[in-house]
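Colleague:
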Amino acid sequence: MKPLKLIGLAFGASLALSTAAFAQDITVAVAGPMTGSESAFGRQLLNGAEQFVADTNAAGGVLGKKLKLFVGDDACDPKQARSVAEKIGSAGIPFVAGHFCSSSSIPASEAYADSNVLQITPASTNPLFTERKLKNVLRVCGRDDQQGVVAADYIVKNFKGKNVAILNDKTTYGKGLADETKKALNKAGFQEKMFESYNKGDKDFNSIVSRLKRDNIDLVFVGGYHQEAGLILRQMRDQGLKTVLMAGDAMNDKEFASITGPLAAGTLFTFGPDPRLKPTAKAIVEEFKKKGVDPEGYTLYTYAAMQVWTEAVKKAGTTDPEKVMKVIKAGEWDTVLGKLAFDEKGDIKAIDYVVYKWDDKGNYAEIGSGKGT
Amino acid sequence: MDYFFQQLINGLVLGSIYGLIAIGYTMVYGIVGMINFAHGDIFMIGGFIALITFLILVSIGLTMVPVILLLVLLVAMAVTALYGWTVERIAYRPLRQSFRLAPMLSAIGMSFVLSNFAQVSQGARVKPVPPIITGGYTLHDSGNFAVQLSNVQIVVVATTIVLLAVFSYIVARTRFGRDMRACEQDQTMAALLGVDVDRTISMTFVIGAALAAVAGMMYLLYYGLVDFFMGFIAGIKAFTAAVLGGIGSLPGAMLGGLAIGLIETFWSAYFSVEYKDVAAFSILIVVLIFMPTGLLGRPEVEKV
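Protein chains in written order, with this note's numbering: chain L, 1 to 373; chain E, 1001 to 1304.
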């Protein structure tokens, strides 16, 4: 009996400790694919969130309390996302910045709605996220029905009369983006020559690549994530194709170039105007650089998502999600991304997408902009 | 026609990799009658060891690609073989006299152990390498379609053929091969006649793991990345290949691997990419209905 009693005591003591910690801090969550093939993006979210929590606590915290970060890993898997969401909900955490994959954010948002958690996604671009009349969701990034239009604009302007193929990975994000791009292309009177889907996680794309070769495809638009896009690019070059690859915002991580090496040169993708170049982000970008972190992609979006919430909490004087949401939607917020304001659905009001191009050194830069409508 | 040849090349290369992994399943099944579910993860470990060796060799300043590749191959085979031996020693041998499902459950457990070990020790991120073997040949150019054979594809297929020849020779012609075939038929009788059964079984796992390491390295060269969860899908495909070819048969495994690779490729080439796995598994079902022991398998009554 003795060891059992000891364990019981230890268990009780640790419970007491953790509840004590709860009373003094406000726990906020960041959730995304911390493991798995999309973990590069989970890392972006985590970097942004950790930096924000450190900065806020250094400046005295929120409502006189310190912020504490809970990290949820969904591995870009809808089932795991749902269970992470339930965990966050039952821990009484009032706010989550996440998730990354649209296929995670959407099922998770329902669990958050049930347990009254305010969710701001820094990165999920599928329109459906804010289209389901949920009261607890916001996003600080754009939507695929805007992203697709910008991609289609670029294709129509630069690939007139050429052959275009559209591929997608059947995920909520990939399929959604491919569909929106196709819709916008067709509206402009442009007909794609091929529309196919593959399985996310596939490694062998040689068969599709040979099809692209047979159909003399000049540009392939990939609605999918960077790993598969990188493999498609490598296998295209192996088979001697010069086809240009274009994709969406899930390409904004240097990991893409580490998969393709110098072959990345010329690859295009759409994303919001580089957040690192915004004047409002200058000081924070410096801080990241000091730590040796490149705040690329959605890092600063995550920072901004947490900024919006924290400022609103300060104004509302409470962390109660419903009240905070009201305050957020009524106001305009200064963030590292500039001023953000939200519409009734929870989307940001001014959305810009621009086209980026990779070079052979593993960097990417904006090449032109086009306003989404 | 050119298009057909290009897809044939694609399918053969993919099939070679499946085949190399499938041999490990089939050899183990042949000798101890169990399905080694950890084999896919041994393949993954092989890929990681190839990657690590490659990075070490490059960082100490070696630049000759053929020398690097040969060293990587040898190190990966040796270290992965050690993993194969260890797995057999700690997870299967103690259960050999136990009921039939015990080693299989233990294998599933081992599969989790290995993939989690890789995740914890190597990180959860995908590990890419820049293209190592580049270039290739244009076999035939009809003007609008050029059939390309890349150097990596040549390396993959050539390595597979050489290794398959070597191991077929070992099984068919050497003393050790005879021991293996004896244990496969009747372990008690083989032991009575002076065959060291434990050692033979260990060596079978070692060979299977070494071939999986080769497959892992080919995978790394061909696709340019490894991750800790790649063993699962590849393992399932290779296991399917082994069953299709007739589990227990060495040439069957290779044939099954090629068949799965070709079916997947041609299905995506002429029908839809989306349903390539469905096509591969449907054909497996059809084959098993008409040939329950697979393409080259022999009927075995008492083993499951």
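From the three backbone atoms N, C-alpha and C, an ideal C-beta is built for every residue, glycine too. Since we're looking at a predicted model, the values are computed, not measured.
Starting from D1227 of chain E, trace the beta strand (DSSP E) in both directions and tell me its first and last residue.
Modeller: Per DSSP, D1227 of chain E belongs to no beta strand (DSSP E) and is neither H nor E.
Colleague: I need the straight-line Cα distance from D215 of chain L to M236 of chain L, nearest angstrom please.
Modeller: Distance between D215 of chain L and M236 of chain L, taken at the CA atoms: about 13 Å.
Colleague: Taking just the CA atoms, how far does M1027 of chain E sit from G1246 of chain E?
Modeller: 11 Å
Colleague: Does the beta carbon of A1022 of chain E sit closer than 9 Å to a beta carbon anywhere in chain L?
Modeller: Judged by the 9 Å Cβ criterion, A1022 of chain E is not in contact with chain L.
Colleague: Leaving aside the five residues before and after L1055 of chain E along the sequence, list all residues of the same chain whose C-beta is less than 7 Å from its C-beta, in chain order.
Modeller: none
Colleague: For F195 of chain L, which residues from the same chain have a beta carbon less than 6 Å from its beta carbon, with the 5 sequence-adjacent residues on both sides left out?
Modeller: I166
Colleague: Helix, strand or coil for K1303 of chain E? Go by DSSP, reduced to three states.
Modeller: Reliability fails at K1303 of chain E, whose pLDDT of 48 lies under 50, so the model's placement of it is uncertain and no value is given.
Colleague: Mind pulling the chain L residues with CB within less than 7 Å of I1233 of chain E?
Modeller: G201
Colleague: Grouping DSSP H, G and I as helix and E and B as strand, with all else coil, what is I166 of chain L?
Modeller: Of the three classes helix, strand and coil, the one that applies to I166 of chain L here is strand, per DSSP.
Colleague: Here's the rule I'm using: 16 or more other beta-carbon atoms within 10 Å means buried, otherwise exposed. How should M306 of chain L be labelled?
Modeller: buried
Colleague: Output the distance between the C-alpha atoms of F1281 of chain E and M1254 of chain E, rounded to the nearest integer angstrom.
Modeller: Our two residues, F1281 of chain E and M1254 of chain E, have alpha carbons roughly 17 Å apart in a direct line.
Colleague: Among the candidates L:A247, L:S210, L:S103 and L:K254, whose CA atom is the shortest distance from the CA of W1267 of chain E?
Modeller: L:S210
Colleague: Is D218 of chain L close to chain E, meaning its C-beta is less than 9 Å from at least one C-beta of that chain?
Modeller: Output row for D218 of chain L: interface = no.
Colleague: Within the segment 44-93 of chain L, note down every full alpha helix (DSSP H) run reaching 4 residues or more, in order along the chain.
Modeller: 78-90
Colleague: Excluding the five sequence neighbours on either side, which residues of its own chain have a C-beta within less than 8 Å of the C-beta of P1251 of chain E, listed in chain order?
Modeller: S1168, G1245 and L1296
Colleague: Can you list, in chain order, the residues of its chain whose CB lies under 8 Å from that of A1219 of chain E, leaving out five sequence neighbours each side?
Modeller: The sequence shown places Tyr at residue 1219 of chain E, not Ala. If we look at Y1219 of chain E and ignore the five residues flanking it on each side, its Cβ neighbours are I1017, F1043, G1047, V1226, M1230 and A1234.
Colleague: Using a Cβ-Cβ distance cut-off of 9 Å, determine whether Q80 of chain L contacts chain E.
Modeller: no
Colleague: With A31 of chain L as the anchor, note down where its beta strand (DSSP E) starts and where it stops.
Modeller: D25 to G32
Colleague: Going by the beta-carbon positions, is the gap between P122 of chain L and V28 of chain L smaller than 9 Å?
Modeller: With contacts defined as CB atoms closer than 9 Å, P122 of chain L and V28 of chain L fail to qualify as a contacting pair.
Colleague: Is the CB of Y364 of chain L under 9 Å away from at least one CB in chain E?
Modeller: no
Colleague: Put F147 of chain L into one of helix, strand or coil per three-state DSSP.
Modeller: Correcting the residue identity first, residue 147 of chain L is Gln in this sequence and not Phe. Note: Q147 of chain L maps to helix in three-state DSSP.
Colleague: Would you say T318 of chain L reaches chain E, if we count a Cβ-Cβ gap shorter than 9 Å as a contact?
Modeller: Not an interface residue.
Colleague: Going by Cα to Cα distance, which pick from L:E86, L:F269 and L:A91 is closest to P107 of chain L?
Modeller: L:E86
Colleague: Bridge partners of K339 of chain L, per DSSP?
Modeller: L:D334
Colleague: What is the rounded straight-line gap between the Cα of K1276 of chain E and the Cα of S1106 of chain E?
Modeller: 32 Å
Colleague: Whose CA, out of L:G72, L:K213 and L:R234, lies closest to the CA of G1143 of chain E?
Modeller: Comparing alpha-carbon positions, the option among L:G72, L:K213 and L:R234 lying closest to G1143 of chain E turns out to be L:K213.
Colleague: For D253 of chain L, count neighbouring Cβ atoms within 10 angstroms of its own Cβ and tell me buried if that reaches 16, exposed if not.
Modeller: buried
Colleague: For the beta strand (DSSP E) containing V293 of chain L, list its first residue and its last residue.
Modeller: It is not in any beta strand (DSSP E) - V293 of chain L carries neither H nor E in the DSSP assignment.
Colleague: How many angstroms separate the CA atom of D1141 of chain E from the CA atom of F1005 of chain E?
Modeller: 12 Å
Colleague: Could you say which of L:I208, L:Q239, L:G201 and L:Q146 lies nearest to D179 of chain L if we only look at CA atoms?
Modeller: L:Q146
Colleague: Are the C-beta of Q227 of chain L and some C-beta of chain E separated by less than 9 Å?
Modeller: yes
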